[in-house]
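Participant: Take 2 as the starting number for the sequence shown in my numbering and just add one per residue. Note that CB positions come from ideal geometry on N, CA and C, so glycine has one too.
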Amino acid sequence: MASLDLLLVMAVAPGLFFLWFFWVRDKYEREPARLLLSTFLLGALAIIPALILETIGGLVIAAPEEGSSPVQTLLHYFIVIAFVEESMKYLAVRVKAYRSKEFNEVMDGIVYSSAAALGFATVENILYVLPRGLGVGLLRAVLSVPGHALDSGMFGFFLGLAKVRGGTGLVCAGLMVATFFHGLWDSILSLGGDLLLVLLVYSSQWVVVALMMRRAARLSPFRERVIPALIPLIRQRWAATCPKCGRPLVFIERYSGWFCYSCRRYASEPASMGIPSAASYLPVAVRGRPPQEAPPIAHPGTKYCINCRFLMPESSRYCSRCGAAQS
């Protein structure tokens with residue numbers, strides 16, 4: 002019989018591991034640990050209203066027992082369990098993280114939604130593992146805990162799109178997708194589905210979330226860096242500079258070219274500025290000819306930082322993000 006301390010570690014450790022796992026997937030602008038942990042804790046607290054609503058829902062659609070019809074099983078797990086739990090995890094994100102200025106790209110939706118789900122799953126894991134032992138803990142560590150994060154990660158992709166683009170339709174669509182996979186998983190287990198079907202659903206969840214994270218990374222506005230990540234030791238003053246005005250150039254990945262925000266034009270020969278061609282140390286797929294016109298300019302009264310492209314008041318002499326002088 003495993004000790005209580007070992008069981009508690011087994012119940013909590015998977016949630017913390019996968020919290021770190023999803024956090025480091027945000028490679029362009031990592032989220033602050035304090036906000037991430039607070040979302041994790043809010044997700045843990047969300048299990049309280051979820052249990053209350055599931056109890057009330059169980060009075061309307063009773064939990065399936067031996068001999069119950071498949072229809073009752075599906076209705077219970079899709080509506081009473083999956084929809085309620087995914088809604089509570091969404092509220093855990095909406096209360097704080099969604100309102101924060103740190104929530105500023107699609108990937109953040111995946112990160113914060115999975116954090117809330119893992120907080121929820123950790124408390125649920127404690128309730129299952131402590132009375133049932135180490136075997137249940139090992140099984141839930143590789144299936145149920147990441148399963149919660151995957152379900153909410155799918156929803157988080159749509160939530161991130163909704164934050165960036167606007168519209169409640171995306172939020173509803175994401176909630177339906179998360180509810181579908183969550184309800185499908187619970188229903189298969191309840192109906193005694195074979196191991197192959199369980200692994201097929203689980204694998205498909207990983208594939209869908211991986212594709213969503215890849216798409217979210219491509220949509221990130223923080224992909225464009227002044228200095229590519231492969232040469233972080235080169236200081237800004239030695240990097241690419243505009244041959245006309247001498248100010249730093251920004252490398253635009255999707256056009257594979259160096260852009261001057263002062264002259265509002267792309268530099269045609271970055272290799273002539275004393276550094277190698279950008280493509281030689283940063284593999285970027287060239288998609289068409291780099292445009293010679295500038296991206297949309299800032300709104301009146303604002304300007305972009307010449308170093309990191311941060312939008313700030315026109316009167317600012319220094320960038321509040323990177324500290325670069327604007328003269």
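Does V208 come out as helix, strand or coil in the three-state DSSP assignment?
Facilitator: helix
Participant: Thinking C-beta only, is G110 closer than 8 Å to G157?
Facilitator: yes
Participant: Determine the DSSP secondary structure at K304, reduced to helix, strand or coil.
Facilitator: Looking at K304 - three-state DSSP - the assignment turns out to be strand.
Participant: Is it a yes or a no for the stretch 56-73 touching the stretch 131-143, going by three-plus beta-carbon pairs under 8 Å?
Facilitator: no
Participant: Given 8 Å as the limit, is there contact between the stretch 120-129 and the stretch 74-82, that is, 3 or more CB pairs closer than that?
Facilitator: no
Participant: Look at the Cβ atom of M108, then the Cβ atom of A217, and state whether they are nearer than 8 Å.
Facilitator: yes
Participant: C261 by DSSP, collapsed to three states: which one?
Facilitator: Reduced to three states, the DSSP call for C261 is strand.
Participant: If contacts are defined as beta-carbon pairs under 8 Å, then F223 and Y91 qualify, I think. What distance do you get, rounded to the angstrom?
Facilitator: That pair is no contact at about 25 Å.
Participant: Excluding five sequence neighbours on each side, which residues of the same chain lie with their C-beta closer than 8 Å to the C-beta of K97?
Facilitator: If we look at K97 and ignore the five residues flanking it on each side, its Cβ neighbours are L36, S39, T40 and L43.
Participant: Pull the bridge partners of R266 from the DSSP assignment, please.
Facilitator: C261
Participant: Return the residue from the list I189, Y99 and A93 that minimises the CA-CA distance to F165.
Facilitator: For the record, residue 165 in the displayed sequence is Val; it is not Phe. Minimum Cα distance to V165 is reached at Y99.
Participant: Name the residue from I307, A150 and C264 whose alpha carbon lies nearest to the alpha carbon of L20.
Facilitator: Measuring from the Cα of L20, the nearest candidate turns out to be A150.
Participant: Which two residues bound the contiguous alpha helix (DSSP H) that contains L185?
Facilitator: Going by DSSP, L185 is part of the alpha helix (DSSP H) stretching over T169 to S191.
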